[in-house]
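> Numbering (full-length UniProt numbering), first residue to last: 1 to 286.
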């Protein structure tokens, strides 16, 4: 006798004359007896008259879960940031930008193409501004202590210089303020913004504008590089604040509608602005 198994059940192939041959009919009573003694399946044969109980939602548990996920997300971002800061081959002053770009990529919002080129160029201007104002900020405790109050004294000197020197009409707004800030190598937010505005004016590409922005109700100024492509493509350049240049959508004051503009430079006036700035600075030095 040979026995083969198929999806339809047991198939017996009998050899004629075999006294020990088993047929499907011979196994029938055994199979039926086993079926009667088999315990019911907990799912397929569950009683149908048991009412289902609604599952209660533990709001506190959901809140704790959400808080834990947020904390884990922050830890992950901090780990990635520190990793980016320690990347070999990336200059120290550019590592904050590298960390920011990495976080944007992890968040599913990579900065690419023209936006990346615009952001990188704005970051170069930001670093150039900070190098020019090497003594730092005259109204930030960290820089005041680092320079033993020299940054604050320099800002007061710049105010007296610009008040006398900038009398009369200016061909380019804020040039006097930017030149005196570079001369004393220190400044507050307005000084940093004026320097960055003047320096970046000569780097603007067609369709871009450099804008000196002052948020409503906030005593602060910074620069935005805006384009005709929409808010998602604008860049914030805030040399007074910590960190790199960022996309406007990530800014504290720029994530909403565009803030009022105090002064604006287009790409057509960029070279003249930069020339005027350095001429004013040369006049101060002489």
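Think of the CB as a built atom: it goes at the ideal place given N, C-alpha and C, for glycine as much as any other residue.
Taking the continuous beta strand (DSSP E) assigned at residue 188, which residues delimit it?
From DSSP, residue 188 is part of no beta strand (DSSP E); its letter is neither H nor E.
> Between which two residues does the alpha helix (DSSP H) containing residue 280 stretch?
270 to 285
> Return the chain-ordered ranges of every beta strand (DSSP E) run that is complete within the region 225 to 258 and spans a minimum of 3 residues.
235 to 237
> What are the complete alpha helix (DSSP H) segments, minimum 4 residues, inside the region 71 to 106?
Fully enclosed alpha helix (DSSP H) runs of 4 or longer: 95 to 106.
> Report the start-end ranges of each beta strand (DSSP E) in the region 119 to 181 that is 3 residues or longer and not cut off at the edges.
Scanning the region 119 to 181 from its first residue to its last, no whole beta strand (DSSP E) run of 3-plus residues comes out.
> Could you tell me whether the region 119 to 136 touches the region 91 to 103, using the rule of 3 or more Cβ pairs below 8 Å?
Yes: at least three Cβ pairs fall under 8 Å.
> Considering just the uninterrupted stretch of the beta strand (DSSP E) at residue 266, what are its terminal residues?
In the DSSP annotation of this structure, the continuous segment of the beta strand (DSSP E) that includes residue 266 starts and ends at 261 to 266.
> Would you grab the beta carbon distance between residue 188 and residue 108 for me? Rounded to a whole angstrom, and I think it's under 8 Å.
About 37 Å separates the two Cβ atoms, so there is no contact after all.
> Sort 217, 88 and 69 by Cα distance to residue 260 and report the nearest one.
217
> Between the C-alpha atoms of residue 177 and residue 186, what's the straight-line distance to the nearest angstrom?
11 Å
> The beta strand (DSSP E) with residue 213 in it runs from where to where?
If you look at residue 213, you'll find it in the beta strand (DSSP E) that goes 209 to 213.
> Going by alpha carbons, who is nearest to residue 212 out of 228, 232 and 175?
175
> Does the beta-carbon distance from residue 275 to residue 196 come in below 8 Å?
no
> Measuring alpha carbon to alpha carbon, tell me which of 282, 269 and 200 ends up nearest residue 236.
200
> Do residue 133 and residue 181 have their C-beta atoms closer together than 8 Å?
yes
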